[in-house]
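So the protein sequences, as listed, match chains A and B. Residue 376 in our numbering sits at position 376 of the first sequence, with consecutive numbering throughout. For our numbering, add 1000 to where a residue sits in the second sequence, where the first one is 1. Contents: one structure, followed by commentary.
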Amino acid sequence: MNWSWPWVVIDALPGLAFLILGQVAWARRPGNRIGPLMVATGFAWFVGTAAVAIDPVASAIFSAFQGYYDPLLAWLVLAYPTGRLIDRRSRLFVGTFFGLLLARTVFRFAVFEPFQSYDFGNPADIERYIANQTIRVDGELAFRVAMTVLALVLLGLVVARLRRETNLGRRVAAPILVGGLAVATGIVVELIATLIDARSVEVRAFLYDATNYITSLSGAIVAVGFVVGLRQSRIARGNVADLVLELGASPGPAQLRDVLARALRDPSLEVVYAVPERGIFVDAAGRIVALPEGRPDRAVTRLERDGQAIAALIHEPALAEQVELVRSVAAATRLALENERLQAEVRAQLEEVRASRARIVDAGDAERRRVERDLHDGAQQRLVTLALALQMSQARAGGAADPELVALLSKAGRELDLALGELRELARGIHPTLLAESGLGAAIESLADRSPVPVSVTVGEGRFDAGIEATAYFVVAEALTNVAKYAAASKVCVDVERRDDSLHVRIRDDGAGGADASRGSGLRGLADRVAAVGGVLTVESPAGGGTTITAEIPCA
Amino acid sequence: MRVVLADDAGLFREALATALTSAGIEVVGQAGDVDGLIELVRSHAPDLAIVDVRMPPTGTTEGLEAAARIRSETPSVAVLILSHVVETRHVMQLLRDAPEGIGYLLKDRVSNLAEFLDAVRRVGAGGSVVDPEVVARLLGRARPHGPLDELTPRERDVLALVAEGRSNLAIGEHLGLTEKTIEGHVRIILSKLGLEPSPDAHRRVLAVLTYLREG
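Pasting the structure below:
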């Protein structure tokens, strides 16, 4: 090796750069492993330099521990900028790299001269020496080849990572790429130099020098790049202060998400809020959201206060490497987040109340249907059978001479008739059989048949959910009852029509008007019933101008 | 007359069979569901099938579908539907599809056995029968002032009986009048309502019911 002055400086450059800049990074970001890793890389570099020591034993020892710089640099490259190896592939890779170097260290201790004693007067020892030399050359070549393979894998990992994490930013990405290239080029060129060993001493010397220059200079550049790149994420952290200003006093949920997405440079960012007592997360609208845990394409950062989750950010996995940035952004927006979380919680509760109201109404309907069926299938069947039996008895008694018995039986028959009629009306009032059997059209026509005010009915075809049909039916039934009671109308029009995703029910009369939805439990109850299925009831009733009741019931 | 019965309530079915038998009507088979009924109709070729509207599996309108099948597969078999609700839409549908040999009665009608047996015989003989309560519902419907208001009370009575599917002779007996008198009433009623006089009794029922329902 050429030990000219410039070379000494150049050789020392990367080692010093890693040692010094590593300290700087360590001091600035104590929680980040990049600093200590860089320092270790610097030390590893000087182990290589020390391998040229004059003392043969010292030189051999340092030689055995030479080359750990490469896996350390590979580690840095893959773990940058957080200092953590996030995926299994890169952990496996770095582990393998260290394993290989460890094997080489053991190998070198085994075959290097100072650790062997030879008696060159003894022919057996000369044999042993020659054999050892062959093993040594072959072994070294094998290690070189293995390391070259690892170097190419490293390049593959680096490229894959840069392609996957497109939002790292150039200043963060550059040292990763250059570092990866530096490690790989150094190793590959060294292999080439070893392979052409025998051919030309001059070419070999040139290649070794070239390798050394490339590794040294690129090492120094990478060290600088790491520190500059780390500053980059510091700058992003500095922007957090501006975030708070941007958010203003009370941002809307969309604004909060947008600002966070911009600050973290992740347009796909989602913000979800914790509802601690139910152990769930909801979106800004209060809908329950399942956190995408264990998914390769999304990552989750939970934000906590006093050990209790307040929110979670769902973002690109690349952002997971910038945990500190995400946390500081979250900290800066905590007030807004907390505010938003409370609102989301209220919305979630509202959503729950809405759902439970709809369930209560559904359960009520189902119960009414059941009672109606039971009346028809049970009581009505039995009464009808009883009526038949009574008729038969009457026919028999007709021949007997007891006129009182005949009169009694026929009186019982009439009572039974009335009971049957009342039972039928009772069942119909509980739930109209026709509605379930034949739909809104038939059921509303049946209502119209009974109305004392002439009704014209227009009902579109098609069936809907039982709850929707029942709601529409009860709106019409109650409205027609009101018309009969109060409106003094001469005619009523009932229109039921599906428009897009909702069922429009309109009952219009030409009566006195002046109905007030806020007074009287009938209309109030109707409005509640319609609202329970997510619909809206409107009442237009100018004095003297007739009444129009409209229900819009979602039926998508 | 030979009839088959279809109703999923066994107790009622048995009672009805007993009542029919003691009135001299031969019950040749009973079924609890639609398939059994169709099977009976095919194997016994009865004059009449008495069918409950509600039958398994859903217990809604299986009886009506069975009636439609029987009328299209074996038109010689008359069908009397027993319903548990007063309803006009199904009645119209039945009459339009098969204007003769069809009847629609409320199940409660069995509480007046004489009237019920009369209806059974009329349908079995190929007549049309519509439950008086269904007719009353149609006739009593609120409607804007129109030709119906021109009818005398007696004419309304006659109209109702016509709509129930009775012949002039039967209406006359019912009201204690001669067939000739009823004929005269019917002619006047039809002309007041603007309906064509029809010698076919079934067409007359359908025309009157349609008028009442849609007029």
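Glycine included, every Cβ here is placed at the ideal spot set by N, Cα and C. Since the structure is predicted, the reported quantities are computational estimates derived from the model, not experimental observations.
Review point. DSSP puts T538 of chain A in a beta bridge; with which residues?
Key: A:T550
(message) Determine whether the beta carbon atoms of G286 of chain A and R347 of chain A lie at a separation below 8 Å.
(response) yes
Output, in chain order, the set of chain A residues within a Cβ distance shorter than 8 Å of E1183 of chain B.
-> Correct list: empty, because the minimum Cβ distance to chain A is about 30 Å.
Where Q380 of chain A sits in the DSSP three-state scheme: helix
Assigned exposure category for M1 of chain A - 16 Cβ within 10 Å defines buried
Residue placement at M1 of chain A is poorly supported in this model, since its pLDDT is 46, which falls under 50; the coordinates are not used for a value here.
request  = Alpha carbon to alpha carbon, how far is T301 of chain A from E270 of chain A? Give it in angstroms, no decimals.
outcome  = 11 Å
Check: Of all the CB atoms in chain A, is at least one closer than 8 Å to the CB of T1088 of chain B?
Finding: yes
Candidates A:Q391, A:L416 and A:Q66: closest to L406 of chain A by CA position
For clarity, residue 406 of chain A is Val in the given sequence; the question names Leu instead. Looking at the Cα atoms, A:Q391 is the closest of the given residues.
Practice task
Residues of the segment 481 to 504 of chain A with a CB closer than 7 Å to any CB of chain B: list them in chain order, please.
Solution key: K491
query: Which of helix, strand or coil does DSSP assign to V1085 of chain B?
result: coil
* Asked: Under a Cβ-count criterion, where at least 16 other Cβ atoms within 10 Å of its own Cβ denotes burial, should R1109 of chain B be classed as buried or exposed?
  -> buried
Identified DSSP bridge partners for H1145 of chain B: Looking at the DSSP assignment, H1145 of chain B forms no beta bridge with any residue, so it has no partner.
> Should R1069 of chain B be flagged as near chain A, meaning a C-beta pair shorter than 8 Å?
Replying inline: no
### Message
Distance check for S451 of chain A and T481 of chain A, CA to CA, integer angstroms please.
### Response
8 Å
Which residues in chain B sit within 9 Å of R370 of chain A, going by Cβ to Cβ distance?
Here the premise fails: no neighbours, minimum Cβ distance about 12 Å.
Is the beta carbon of L16 of chain A within less than 7 Å of some heavy atom of the ligand GTP?
With respect to the ligand GTP, the structure offers nothing, as it holds no ligand at all.
Notebook entry, point to check: Exposed or buried, what is N5 of chain A when buried is set at 16 or more other beta-carbons lying within 10 Å of its beta-carbon?
Noted result: The amino acid at residue 5 of chain A is misidentified as Asn; the sequence shows Trp. Exposed, because fewer than 16 other Cβ atoms sit within 10 Å of the Cβ of W5 of chain A.
ask   = Any beta-carbon of chain B closer than 8 Å to the one on S442 of chain A?
value = Ser is not the amino acid found at residue 442 of chain A; the sequence shown has Ala there. Yes, because at least one Cβ of chain B sits closer than 8 Å to the Cβ of A442 of chain A.
* Distance, Cα to Cα, A1201 of chain B vs S1167 of chain B? -> 7 Å
Review point. Whose CA, out of A:V384, A:R508, A:G307 and A:V530, lies closest to the CA of A1019 of chain B?
Key: A:V384
Please identify, using Cβ separations under 7 Å, the residues of the segment 1108 to 1128 of chain B that lie next to chain A, in order along the chain.
D1108, V1110, S1111 and L1113
### Query
How about R428 of chain A: is its C-beta nearer than 8 Å to some C-beta of chain B?
yes
| Quick one, which of B:P1075, B:L1080, B:A1119 and B:A1160 has its alpha-carbon nearest G1063 of chain B's? | B:L1080
query = Assuming V1034 of chain B contacts A1066 of chain B under a Cβ cut-off of 8 Å, what Cβ separation, rounded to an integer in Å, is found between them?
reply = 5 Å
Given that a residue counts as buried once 16 or more other Cβ atoms are within 10 Å of its Cβ, and exposed if not, what is D1052 of chain B? buried
Review point. Counting only beta-carbon atoms, is H1044 of chain B nearer than 8 Å to chain A?
Key: no
Based on DSSP bridge pairs, tell me the residues matched to A274 of chain A.
A:F281
Terminal residues of the continuous beta strand (DSSP E) containing S502 of chain A? S502 to D509
- Query: Below 8 Å between beta carbons: does that hold for V505 of chain A and A551 of chain A?
  - Reply: yes
Quiz item: For a contact meaning CB atoms closer than 9 Å, what does R424 of chain A contact in chain B?
Solution: H1084, V1085, V1086, L1106 and D1108
Considering only residues of the same chain and omitting the five flanking positions on each side of G1126 of chain B, which have a CB-CB separation below 8 Å? A1078, E1100 and G1101
**Report entry** Interface residues of the segment 1131 to 1143 of chain B facing chain A [CB-CB below 9 Å]
**Finding:** E1133, R1137, L1138, G1140, R1141, A1142 and R1143
message: Give me the DSSP bridge partner(s) of D495 of chain A.
response: A:T458 and A:R506
Under the DSSP definition of a beta bridge, which residues are partnered with T301 of chain A?
-> A:L313
At a CB-CB cut-off below 8 Å, which residues of chain A make contact with S1022 of chain B? M392 and A395
Would you be able to state if there are at least three C-beta pairs under 8 Å between the segment 25 to 41 of chain A and the segment 78 to 95 of chain A? yes
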